[in-house]
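**Student:** Dropping a structure here in structure tokens format, bear with me for questions.
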Amino acid sequence: MSMRNRKGPFRDPIAEHESSLLEFVNARDEDLINYAKYFAHSKMALKTKVTEIDSAGFTLQYVDKNAEGGLAQKDVRVQFDAPATTVHDVKKKLANLAKEAKTSLSLDSKMDKSYRAPGSDRLPQIEPVMGTAAVTGFLVLWATLIVGVLVPTLPPQFEELREHLGGRVMFERVAFGILLVHAIECVVVVAAAIYGSFELGDTIASLIRTLLFGLGSLGPVVKAAVNRRTAITNAAARPKK
1 MSMRNRKGPF RDPIAEHESS LLEFVNARDE DLINYAKYFA HSKMALKTKV
51 TEIDSAGFTL QYVDKNAEGG LAQKDVRVQF DAPATTVHDV KKKLANLAKE
101 AKTSLSLDSK MDKSYRAPGS DRLPQIEPVM GTAAVTGFLV LWATLIVGVL
151 VPTLPPQFEE LREHLGGRVM FERVAFGILL VHAIECVVVV AAAIYGSFEL
201 GDTIASLIRT LLFGLGSLGP VVKAAVNRRT AITNAAARPK K
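All residue numbers for the sequence shown refer to UniProt numbering, where the first residue is 1 and numbers rise by one.
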């Protein structure tokens with residue numbers, strides 16, 4: 001029995017009900033296993049049992065592998081979001097924690113196959129909307145800028161054209177301006193990748209495309225991020241069969 005505030009003027013309001021609450025929570029095997037897997041990150045979650053409960057939370061005992069690979073008894077303290085004042089309040093908090101654990105474990109299980117960090121083939125993917133002509137145009141633009149900036153001497157007719165357009169300094173300014181704008185757009189890509197739980201490969205590819213093509217690649221990334229977050233939220237809220 002927990003000794004938390006059992007004596008004195010600060011007696012725990014749940015103390016006298018601990019026995020009945022232990023009987024209540026320990027009768028729910030599925031919840032106990034989920035508590036151990038979620039709050040203690042237990043892989044095996046064997047012989048799960050709540051040993052103490054009070055207004056602040058409860059202590060869960062379970063058996064799992066130790067560092068040597070053998071089985072060992074362990075425990076974890078699970079805190080309530082706020083102190084409970086009544087038995088009904090405790091039961092409600094236990095139910096909420098059980099729901100949180102079950103939902104998160106279920107989502108993690110689905111995501112394990114999704115975006116390689118969980119259901120990637122089931123979550124909305126990034127769908128490029130730029131056509132071949134647009135991509136070709138951007139590549140020609142970058143090739144022109146690179147030549148205009150980096151090549152010191154061009155054939156006479158091209159050198160004359162470069163000077164007519166402002167010389168190497170103008171090419172440098174244009175290239176820098178485009179890169180600066182695209183770099184700012186890349187910040188948006190990073191935020192979208194975090195929001196949409198993109199895998200690392202998708203994030204890097206999106207950054208490269210946005211750095212090269214700007215808004216033409218940013219739009220699909222933001223759309224995919226919103227769709228993926230919606231899918232993840234819906235999966236978490238879907239009633240379990």
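Beta carbons: idealized from backbone N, C-alpha and C, even for Gly.
Determine contact between the region 18–32 and the region 64–73, defined as no fewer than three beta-carbon pairs at a distance below 8 Å.
**Tutor:** At 8 Å Cβ cutoff, the stretches do not touch.
**Student:** Identify the continuous alpha helix (DSSP H) that holds E18 and give its terminal residues.
**Tutor:** First-last of the alpha helix (DSSP H) with E18: 18–26.
**Student:** Need the endpoints of the alpha helix (DSSP H) that D31 sits in, please.
**Tutor:** Residues 29–39.
**Student:** Helix or strand or just coil, what does DSSP make of G172?
**Tutor:** Position check: residue 172 holds Glu in this sequence, whereas Gly was assumed. In this structure, E172 counts as helix in the three-state DSSP scheme.
**Student:** If you draw a straight line from the C-alpha of G216 to the C-alpha of G167, how long is it?
**Tutor:** If you take the alpha carbons of G216 and G167, they lie about 28 Å apart.
**Student:** Between S42 and the rest of its own chain, which residues show a CB-CB distance below 6 Å, the 5 nearest in sequence each way excluded?
**Tutor:** Once the five neighbours on either side are set aside, the close Cβ partners of S42 are A36, Y62, D64.
**Student:** If distances are taken between C-alpha atoms only, which option among K49, L46, F213 comes closest to T132?
**Tutor:** That would be F213, whose Cα lies nearest to the Cα of T132.
**Student:** Please report the Cβ distance between L218 and V188, rounded to the nearest whole angstrom; I am assuming they are in contact, meaning their Cβ atoms lie under 8 Å.
**Tutor:** The pair is a contact, with the Cβ atoms about 6 Å apart (cut-off 8 Å).
**Student:** Measuring straight from C-alpha to C-alpha, what distance separates Q73 and E52?
**Tutor:** The alpha-carbon atoms of Q73 and E52 are separated by roughly 15 Å.
**Student:** Suppose you measure from the CA of L161 to the CA of A191; what does that come to, to the nearest Å?
**Tutor:** L161 and A191: Cα-Cα distance of roughly 41 Å.
**Student:** What residue range is occupied by the uninterrupted alpha helix (DSSP H) comprising A134?
**Tutor:** 132–150 is the extent of the alpha helix (DSSP H) around A134.
**Student:** Contact defined as beta carbons within less than 8 Å: I believe Y38 pairs with L105. What is the distance between those atoms, to the nearest angstrom?
**Tutor:** That belief holds up - the Cβ atoms of Y38 and L105 are roughly 6 Å apart, short of 8 Å.
**Student:** Determine the direct distance from the alpha carbon of A98 to that of A82, and round the result to whole angstroms.
**Tutor:** Going from the Cα of A82 to the Cα of A98 covers about 16 Å.
**Student:** Assign Y115 to one of two classes, buried (16 or more other C-beta atoms within 10 Å of its C-beta) or exposed (fewer than that).
**Tutor:** Only weak support is given to the placement of Y115: the predicted model assigns it a pLDDT of 40, under 50, and the question is left unresolved by the model.
**Student:** Roughly how many angstroms lie between the CA atoms of V174 and G148, to the nearest whole one?
**Tutor:** Those two C-alpha atoms are separated by around 10 Å.
**Student:** Does the Cβ of V221 have 16 or more other Cβ atoms within 10 Å, making it buried, or fewer, making it exposed?
**Tutor:** The residue in question, V221, is buried, as its Cβ has 16 or more Cβ neighbours within 10 Å.
**Student:** To test your reading of the DSSP string, which unbroken beta strand (DSSP E) runs of 3 or more residues are found completely within the region 51–106?
**Tutor:** Within the region 51–106, the complete beta strand (DSSP E) runs of at least 3 residues are 57–65, 71–79.
**Student:** Please state the DSSP three-state secondary structure of residue 247.
**Tutor:** Outside the displayed span of the chain (1 to 241) sits residue 247, for which this structure offers no information.
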